[in-house]
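Contents: one structure, followed by commentary.
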Amino acid sequence: MNNMKTKNMVTIALMTAITCIVAPFTIPLPFTPVPISLANLIIYISCCVLGYKKGTISVILYLLLGAIGLPVFGGFSAGLAVVAGPTGGYLIGFIFCAIFTGIFVEKFEDKMYMYPVGMIIGTIICYAFGTAWLSFQLKLGFVEAMFMGVIPYLIGDGLKIAVSTVLGYTLRSRLSSMNLINA
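Converting from the sequence shown to this note's numbering requires adding 7 to each position, the first position being numbered 1.
Below is the structure:
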């Protein structure tokens with residue numbers, strides 16, 4: 008029992024660390040404050056590996072580390088000002104992305120084709136939070152904010168969902184068979 012608790016803590020910490028390492032590397036776009044980021048790719052994979060509760064804990068830990076000042080957000084930024092800034096809604100939306108991805112992974116564990124459904128639902132909710140907050144922060148209409156914070160990212164996010172489905176499913180099944188996670 009204690010051995011599995013230790014493994015759970017280690018896998019949560021590991022996925023949080025990977026998110027913290029990858030998320031700061033972004034590609035800024037000239038027409039929007041929302042950069043291209045691989046943060047959501049890592050969040051998808053984390054939730055495939057860890058499931059709903061542990062994946063969500065990993066995302067919350069990532070957000071807390073960034074909020075207290077560790078430069079883990081896009082462009083190596085950090086602090087509550089980033090969370091309250093124009094892209095903060097997307098950061099908060101990551102929590103819901105994790106929840107829905109993890110729920111679908113756990114409910115349909117042996118059906119890889121269902122993983123993207125959870126990822127898509129979670130991403131739509133993340134987009135909604137992010138777009139609403141971007142609209143509020145920049146005093147834009149919702150549709151205009153969508154053209155700044157959603158539309159340019161749809162193809163890339165679709166590719167991330169495809170890649171993370173395959174990687175996440177494979178990692179989850181392999182780590183489970185090695186008894187490193189309790190899937």
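From the three backbone atoms N, C-alpha and C, an ideal C-beta is built for every residue, glycine too.
Just so you know, these numbers come straight off a predicted model, no measurement behind them.
C-alpha gap between residue i and residue j, whole angstroms
i	j	result
G95	G137	7 Å
A88	G76	10 Å
V170	K60	22 Å
A85	V79	6 Å
K14	N186	9 Å
M6	S180	Summary: the structure shown does not reach residue 6, with the chain confined to residues 8 through 190, and so no result is reported for it.
I168	L48	7 Å
L145	I106	28 Å
L174	I19	17 Å
A74	I102	14 Å
N189	L71	25 Å
C104	I131	8 Å
L127	N9	Correcting the residue identity first, residue 127 is Ile in this sequence and not Leu. So the alpha carbons of these two residues sit roughly 35 Å apart.
G62	A91	23 Å
G148	G58	36 Å
V29	L45	7 Å
Opposing strand residues paired with residue i [DSSP bridges]
i	result
S84	F80
T138	T138 is not bridged to any residue.
T39	L36
Integer-rounded CB distance, given that residue j should sit under 8 Å from residue i
i	j	result
V66	I52	At roughly 12 Å, the Cβ-Cβ gap does not stay under 8 Å, so V66 and I52 are not in contact.
L141	G129	Going by Cβ atoms, the distance from L141 to G129 rounds to 18 Å, so no, they are not a contact pair.
Y69	C27	6 Å
P37	F83	In fact, because the Cβ distance is near 19 Å, the residues do not count as touching under 8 Å.
F111	M119	The Cβ separation is near 11 Å, so there is no contact.
M22	V56	6 Å
I34	I25	About 19 Å; that fails the 8 Å criterion.
Range of the contiguous alpha helix (DSSP H) that encloses residue i
i	result
T13	N9 to V29
L70	A46 to A74
T108	G95 to K114
M119	Per DSSP, M119 belongs to no alpha helix (DSSP H) and is neither H nor E.
Three-state class that DSSP yields for residue i in the structure shown
i	result
L174	helix
L33	Note on residue identity: the sequence assigns Thr, not Leu, to residue 33. Reduced to three states, the DSSP call for T33 is strand.
I188	coil
K167	helix
L147	coil
V90	helix
V157	coil
Contact with chain C by residue i, beta-carbon distance below 8 Å
i	result
G82	Given the protein chain composition of this structure (a single chain), no chain C is represented.
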